[in-house]
Amino acid sequence: MRRCLSDDKLVDLRYETPNVEHLAHLSVCAVCTDRYRALVDDLALIGAQLHEAPPLRSATPRPIYRRWLPVATAAAAVAVVLIGQAAFSRPVVRPLQSERVDADIAHFLREVSAVLDDTSTTVGVDATDTDFTEPLSTVALSGDGAGGHDE
Amino acid sequence: MGGAGTTRCAPETGFETLYREQFPRLVRLCRLLLDDPMEAQDVAQEVFMKLMQRPPAPGPEAAWLTRVAINACHDRRRSWWWRWTRRSEDASAMSLVATGPTPERWSLGGELGTRVWEAFRALPRRQREVFALRHFEEWPTAEVAEALGLSPGSVKQHLFRAVQSLRKALGDYR
Chain A
10 MRRCLSDDKL VDLRYETPNV EHLAHLSVCA VCTDRYRALV DDLALIGAQL
60 HEAPPLRSAT PRPIYRRWLP VATAAAAVAV VLIGQAAFSR PVVRPLQSER
110 VDADIAHFLR EVSAVLDDTS TTVGVDATDT DFTEPLSTVA LSGDGAGGHD
160 E
Chain B
12 MGGAGTTRCA PETGFETLYR EQFPRLVRLC RLLLDDPMEA QDVAQEVFMK
62 LMQRPPAPGP EAAWLTRVAI NACHDRRRSW WWRWTRRSED ASAMSLVATG
112 PTPERWSLGG ELGTRVWEAF RALPRRQREV FALRHFEEWP TAEVAEALGL
162 SPGSVKQHLF RAVQSLRKAL GDYR
């Protein structure tokens, strides 16, 4: 083999099972021998350097707020969705139900008023008594109006 | 006299021996593949945890550990967390002002390690893996090809390109 070995052949010589022809050429070609030695030395140097801990990167790290921005945005979006969901899922009083409740209350209040204003059922109070000036409802609520007039 | 104050070490188990022998090697391999000493420690620990949980079939444990470590490094590099935390290394995120050593410092030759590491970091993932396994682990081409799912010819090509790039990084250092 007369031609000099290519670079990939030299790498093969270093890492693979040596080819007899290549070895024979290497033994007679000073140029290839030097190239091979240089390769082996370089690889030893590279290996030694990579054996050490890697140095810190020289690249400037991205500012922390830019790193967390996507997460913060996603968290805000989730919060908005949750709040919106909570707001819309709140139990709503339906108008019909509300009107019925209002009607019941009004009916109850009317009955209470009717009872309070009913003079015929008031015990011990003479409707014709001209001295009695207090409203009947006040007398009924205070509870002592009837007794006072009995004396 | 003698026996009262002394402590006797428990005999080392097979696992402990394997850990003591293989852990530094695995850390170094993972450091080459991940370029992060802390992550490399993590992955190496993870590999030994897997060894404890699911011991491999009897055979060469070192090869099994290496394979699992390579896969673990793959998984780590593929995870969204890894990509996200390392996005700052994109060219677009780099500062326009160089913070690395100046050309004068380069020429003075005090940064050979940095130069080699930067070249190694710049290698494509496959080239890094092939170089690490062929050069440091001294695995034969066929095994590397099998472990990485490549053809032997492809492994040789990756190795050659990696060697060329790394030698170029040495520049006038030789």
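Order-wise, the sequence lines are chains A and B. Under the numbering used here, the first residue of the first sequence carries the number 10, and numbering increases by one thereafter. Under the numbering used here, the first residue of the second sequence carries the number 12, and numbering increases by one thereafter. Note that beta-carbon positions come from the ideal geometry of N, C-alpha and C, so glycine has one too.
Given that residue i touches chain E, what residues does it touch there, using C-beta distances under 9 Å?
| i | result |
| --- | --- |
| valine 20(A) | In summary, chain E is missing from the structure at hand, where the protein chains are A and B. |
Got a sec, what are the start and stop residues for the alpha helix (DSSP H) residue i sits in?
| i | result |
| --- | --- |
| proline 48(B) | 48–64 |
| alanine 33(A) | 29–37 |
| alanine 83(B) | 72–89 |
| alanine 68(B) | That residue, alanine 68(B), is in no alpha helix (DSSP H); it is neither H nor E in DSSP. |
| arginine 139(B) | 136–142 |
| threonine 125(B) | 123–133 |
Could you check what DSSP says for residue i in three-state terms: helix, strand or coil?
| i | result |
| --- | --- |
| cysteine 13(A) | coil |
| aspartate 127(A) | coil |
| cysteine 41(B) | helix |
| leucine 161(B) | coil |
| serine 98(A) | coil |
| glutamate 27(B) | helix |
| glutamate 154(B) | helix |
| alanine 57(A) | helix |
| threonine 62(A) | For clarity, residue 62(A) is alanine in the given sequence; the question names threonine instead. If DSSP states are grouped into helix, strand and coil, alanine 62(A) belongs with coil. |
| threonine 42(A) | helix |
| glutamate 120(A) | helix |
| glutamate 148(B) | coil |
| glutamate 25(A) | coil |
What does the alpha-carbon distance come out to for the pair residue i and residue j?
| i | j | result |
| --- | --- | --- |
| aspartate 4(A) | alanine 51(B) | Only positions 10 to 160 of chain A appear in the structure, and residue 4(A) is not among them; the question remains open. |
| valine 127(B) | alanine 95(A) | 57 Å |
| threonine 28(B) | isoleucine 81(B) | 22 Å |
| arginine 44(A) | leucine 22(A) | 12 Å |
| alanine 47(A) | lysine 61(B) | 42 Å |
| tyrosine 30(B) | valine 79(B) | 14 Å |
| tyrosine 24(A) | arginine 178(B) | 16 Å |
| leucine 125(A) | alanine 86(A) | 59 Å |
| arginine 139(B) | leucine 44(B) | 7 Å |
| leucine 19(A) | alanine 156(B) | 20 Å |
| histidine 169(B) | arginine 12(A) | 24 Å |
| glutamate 154(B) | serine 162(B) | 10 Å |
| alanine 123(A) | isoleucine 114(A) | 14 Å |
| valine 121(A) | alanine 88(A) | 50 Å |
| serine 165(B) | threonine 152(B) | 10 Å |
| arginine 172(B) | glycine 93(A) | 57 Å |
| alanine 33(A) | alanine 158(B) | 33 Å |
So, do the segment 136–148 of chain B and the segment 31–48 of chain B have three or more beta carbon pairs nearer to each other than 8 Å? With a cut-off of 8 Å, the segment 31–48 of chain B and the segment 136–148 of chain B count as touching, because enough Cβ pairs lie within range.
Would the segment 169–176 of chain B and the segment 128–142 of chain B be scored as touching if the rule is three or more Cβ pairs under 8 Å? Judged by pairs of C-beta atoms under 8 Å, the segment 169–176 of chain B touches the segment 128–142 of chain B, as three or more such pairs exist.
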